[in-house]
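Visitor:
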């Protein structure tokens with residue numbers, strides 16, 4: 001049975017005898033043979049080389065590293081180390097074996113000497129268990145077998161699924177609270193005083209939304225839009241934003257506890273990645289000298305400048321989306337169709353959101369290439385350092401790709417567009433967009449809803465269907481060849497390895513960043529769920545529903561559609577934890593800004609307690625926000641419009657959303673009063689939220705007492721054993 005266990009398979013095209021590629025391949029395989037590797041060759045449409053490492057390599061590994069791989073899967077009697085560790089060591093040696101031409105496997109694969117290298121999905125009991133009990137759609141709500149995932153894919157993959165499961169579990173709490181807030185908003189759909197005033201303002205004539213062919217319009221025409229806005233923009237949203245800031249902190253603190261418990265059970269709490277890498281380097285080459293730590297300020301400065309250039313480009317793309325919305329609004333407003341004219345602004349926002357999603361899909365591929373290029377410029381010392389550098393860069397780029405447009409809508413839309421008679425224009429022609437009299441928060445809601453829905457439907461479908469269709473096509477192409485082999489060459493058909501190697505080869509390729517892509521997808525989703533949640537209380541619910549499917553989708557991809565991932569050892573989720581903590585701080589800032597700037601919460605509050613009838617002594621049981629809409633609209637004289645504006649004059653003046661004087665259009669005292677209140681609320685909200693985050697982080701210890709006691713007991717036991725050896729000699 002041992003003779004048929006192969007650690008890795010290398011795949012190559014059939015090259016001509018004596019060709020450069022054939023010579024390079026032979027040199028590489030000869031180097032492996034010198035290290036004691038057993039190599040088996042099978043020929044089909046491609047050349048397959050099975051590779052099995054000698055036992056001495058694994059004995060050296062166990063001897064050098066004192067922390068044993070205890071509690072892993074039951075290894076075969078002929079294996080000294082678990083299969084995951086075995087694959088990891090063999091992969092390391094394959095990747096670091098140097099030919100006489102000073103080429104490694106990576107270089108040979110670039111030159112098409114080898115086409116692929118992968119460990120095998122074993123036809124074993126553990127794999128069948130995971131396929132039947134984990135990688136199935138019907139197991140959506142079943143608890144994940146983390147220990148068994150670890151035994152098959154290694155600690156890094158197991159920690160990803162443990163984190164994703166924990167995140168989804170706690171997301172359920174946030175989803176329920178968000179749903180309650182949203183439903184509460186629906187219940188007050190018709191009861192808002194602000195909405196009532198808009199619906200009853202049939203005599204309030206508003207200024208045109210564009211320069212040509214746009215009529216004056218009645219404020220009451222936007223009654224439904226105003227009701228929808230208040231459904232999102234209410235007092236409950238402020239409380240929910242505060243709740244999500246606390247939730248993000250508690251989630252991370254509880255995850256740290258969960259992670260500490262899990263890795264202690266695996267005996268990896270104090271595992272040292274650098275020590276392991278040095279040990280494997282020495283096993284591969286006894287003469288190996290470790291690469292020294294280095295830092296170049298010049299290189300770091302160049303990298304920083306290049307990163308800033310990329311960020312500037314991504315912000316430029318967000319500007320292009322703004323220009324699209326401005327032009328689309330103008331075109332829709334001049335359309336022959338009444339529906340397009342009436343809903344011009346909403347349609348521009350919706351089509352802009354779809355276009356934003358398309359740019360996200362395209363720029364994700366571009367960002368990845370740019371981040372890899374910048375990582376190569378940095379020349380990191382180890383693979384782990386390269387991975388961390390790559391994660392920070394790609395997340396930064398993806399963050400700006402996803403959020404630049406949302407930041408514009410949230411904080412700049414309707415605030416930099418000028419006023420009637422003096423509009424800010426793009427290329428001197430198109431007016432910038434305006435906010436609705438009831439606020440801009442609905443535009444942000446629409447944008448977030450569309451992007452999240454598209455990402456969770458189209459992106460997930462593509463994520464599953466592309467590898468599935470590719471696998472089916474490769475399988476179909478391979479079948480005729482298999483039949484000829486069975487009919488014509490019985491001895492090949494009888495080889496027990498051939499079918500297994502071929503079936504593994506037909507699966508989708510995995511690369512070193514396959515798991516990274518899953519993490520990035522979830523971290524971007526976490527950003528959507530926390531940063532602008534004040535504008536979209538349903539974000540946690542959408543994320544929760546998505547993650548139930550995402551866990552099984554990732555499991556099915558790994559077990560059924562992809563080649564086996566090279567197991568990697570880890571005792572945490574790495575730099576992703578710092579990224580998540582950074583998002584938690586951004587969430588406090590983002591939600592504070594949304595409530596202070598985007599929402600009408602502060603202007604309404606200032607009106608209620610300063611300018612409302614309640615403060616004037618005229619209160620006779622009326623709502624204190626009565627008169628707010630009239631108070632928030634400024635008056636503009638029609639004769640002051642720009643000369644080239646085409647207007648059908650209907651009166652002497654029209655109204656627009658702003659706080660300006662009617663004579664010289666300068667800002668009123670109310671504007672500065674509200675501005676000061678917004679600033680004061682922002683500072684107060686962020687300080688209170690950050691203080692609560694710090695208290696929550698202190699209140700929930702990172703490491704459970706049971707784990708600390710377990711580590712204390714182990715240290716005590718080890719010292720006692722050492723003392724038993726010393727005491728008799730002393731006596």
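Numbering (the UniProt record's numbering), first residue to last: 1 to 731. Think of the CB as a built atom: it goes at the ideal place given N, C-alpha and C, for glycine as much as any other residue.
Cα separation between residue 712 and residue 142?
Guide: Their Cα atoms are separated by approximately 34 Å.
Visitor: Is residue 492 helix, strand or coil when you go by DSSP?
Guide: Because the pLDDT of residue 492 is 44, which lies under 50, any placement of that residue in the model is unreliable, and the number read from its coordinates should be weighed accordingly. Looking at residue 492 - three-state DSSP - the assignment turns out to be helix.
Visitor: Give the straight-line distance between the Cα atoms of residue 413 and residue 324, rounded to the nearest whole angstrom.
Guide: Between residue 413 and residue 324, the C-alpha separation is close to 14 Å.
Visitor: Taking all protein chains shown into account, do 16 or more other C-beta atoms lie within 10 angstroms of the C-beta of residue 18, making it buried, or fewer, making it exposed?
Guide: When all chains shown are included, residue 18 counts as exposed.
Visitor: Within its chain, find whatever has a CB closer than 6 Å to the CB of residue 5; leave out the 5 residues flanking it on each side and keep chain order.
Guide: Counting only Cβ-Cβ distances below 6 Å, and skipping sequence neighbours, we find nothing.
Visitor: Report the option in 375, 560, 108 and 439 whose CA atom is closest to the CA atom of residue 300.
Guide: If we check each option's Cα against that of residue 300, 375 comes out closest.
Visitor: Entirely within the stretch 319-379 and at least 4 residues each: give me those alpha helix (DSSP H) ranges in chain order.
Guide: Counting whole runs of 4 or more residues, the stretch 319-379 contains the alpha helix (DSSP H) stretches 338-342 and 344-378.
Visitor: Could you compute how far the alpha carbon of residue 592 sits from the alpha carbon of residue 530?
Guide: Cα to Cα, residue 592 sits roughly 12 Å from residue 530.
Visitor: Roughly how many whole angstroms lie between the Cα atoms of residue 235 and residue 587?
Guide: Going by the C-alpha atoms only, they are around 18 Å apart.
Visitor: Should residue 224 be labelled buried (16 or more other beta-carbon atoms within 10 Å of its own) or exposed?
Guide: With fewer than 16 Cβ atoms within 10 Å of its Cβ, residue 224 is classed as exposed.
Visitor: Rounded to the nearest angstrom, what separates residue 232 and residue 536 at their Cα positions?
Guide: Cα to Cα, residue 232 sits roughly 7 Å from residue 536.
Visitor: Near residue 668, what residues of its chain come up, given a Cβ to Cβ distance below 7 Å and the 5 sequence neighbours on each side ignored?
Guide: If we look at residue 668 and ignore the five residues flanking it on each side, its Cβ neighbours are 659, 660 and 661.
Visitor: Helix, strand or coil, according to DSSP, for residue 513 in the structure here?
Guide: Here residue 513 sits in coil by DSSP.
Visitor: Residues in its own chain within less than 7 Å of residue 718 by CB, not counting five upstream and five downstream?
Guide: Within the same chain, residue 718 has no close Cβ partners at all.
Visitor: Rounded to whole angstroms, what's the CA-CA distance from residue 221 to residue 637? Just pull it up for me.
Guide: So the two alpha carbons sit approximately 22 Å from each other.
Visitor: Please determine whether the Cβ atom of residue 211 lies at a distance below 8 Å from any heavy atom of the ligand NAD.
Guide: This structure lacks the ligand NAD, and indeed carries no ligand of any kind.
Visitor: Given residue 666, which residues of its chain have a CB within under 7 Å of its CB, disregarding the five upstream and five downstream residues?
Guide: Closer than 7 Å at the Cβ level, and outside the excluded window around residue 666, lie 660.
Visitor: Are the stretch 34-54 and the stretch 101-108 touching, with three or more C-beta to C-beta distances below 8 Å?
Guide: Too few Cβ pairs lie closer than 8 Å, so no.
Visitor: Rounded to the nearest angstrom, what separates residue 469 and residue 150 at their Cα positions?
Guide: Roughly 28 Å between the two C-alpha positions.
Visitor: Between the alpha carbons of residue 815 and residue 381, how many angstroms are there, rounded?
Guide: Missing from the structure shown is residue 815; the chain here goes from 1 to 731 and no further.
Visitor: Would a C-beta distance cut-off of 9 Å place residue 93 and residue 280 closer than the cut-off?
Guide: Cβ atoms of residue 93 and residue 280: closer than 9 Å.
Visitor: What do you reckon, are the CB atoms on residue 452 and residue 401 nearer than 9 Å?
Guide: For residue 452 and residue 401, no; Cβs fall outside 9 Å.
Visitor: So within the stretch 368-435, which uninterrupted alpha helix (DSSP H) runs reach at least 4 residues, ignoring any that extend past its ends?
Guide: Complete alpha helix (DSSP H) runs here, min 4: 383-411.
Visitor: Could you check the C-alpha separation between residue 8 and residue 114 for me, to the nearest Å?
Guide: Spanning the two alpha carbons is a distance of roughly 13 Å.
Visitor: Given this structure, state the Cα-to-Cα distance separating residue 295 from residue 49, to the nearest angstrom.
Guide: Roughly 41 Å between the two C-alpha positions.
Visitor: Taking residue 288 as the reference, give the member of 32, 97 and 725 with the closest Cα.
Guide: The candidate whose alpha carbon is nearest that of residue 288 is 97.
Visitor: Please state the DSSP three-state secondary structure of residue 79.
Guide: With a pLDDT of 46 at residue 79, under the threshold of 50, the predicted position of this residue should be treated as unreliable, though the coordinate-derived value follows. Correct three-state label for residue 79: coil.
Visitor: To test your reading of the DSSP string, which unbroken alpha helix (DSSP H) runs of 4 or more residues are found completely within the UniProt domain "Anoctamin dimerisation" (84-146)?
Guide: Listed in chain order, the complete alpha helix (DSSP H) runs (minimum 4 residues) inside the UniProt domain "Anoctamin dimerisation" (84-146) are 105-110 and 125-133.
Visitor: Could you pull out every residue in the same chain whose Cβ sits closer than 6 Å to the Cβ of residue 674, ignoring the five residues on either side in sequence?
Guide: Answer for residue 674: 603 and 606, listed in chain order.
Visitor: Smallest Cα separation from residue 461: which of 553, 16, 390 and 349?
Guide: Per the Cα distances, 553.
Visitor: Output the boundary residues of the alpha helix (DSSP H) element that contains residue 250.
Guide: Note, residue 250: alpha helix (DSSP H), 235-265.
Visitor: Hey, residue 697 and residue 253 are a contact pair by Cβ (cut 8 Å); roughly how many whole angstroms apart?
Guide: That belief holds up - the Cβ atoms of residue 697 and residue 253 are roughly 6 Å apart, short of 8 Å.
Visitor: Hey, how far is the Cα of residue 56 from the Cα of residue 62?
Guide: Distance between the alpha carbons of residue 56 and residue 62 is about 10 Å.
Visitor: Measuring only the C-alpha atoms, how far is residue 28 from residue 532?
Guide: Whole-angstrom Cα-Cα distance: 53 Å.
Visitor: If distances are taken between C-alpha atoms only, which option among 403, 497 and 157 comes closest to residue 359?
Guide: For residue 359, the nearest C-alpha among the options comes from 403.
Visitor: Is it buried or exposed, residue 428, if we count other Cβ atoms within 10 angstroms and call 16 or more buried?
Guide: Label assigned to residue 428: exposed.
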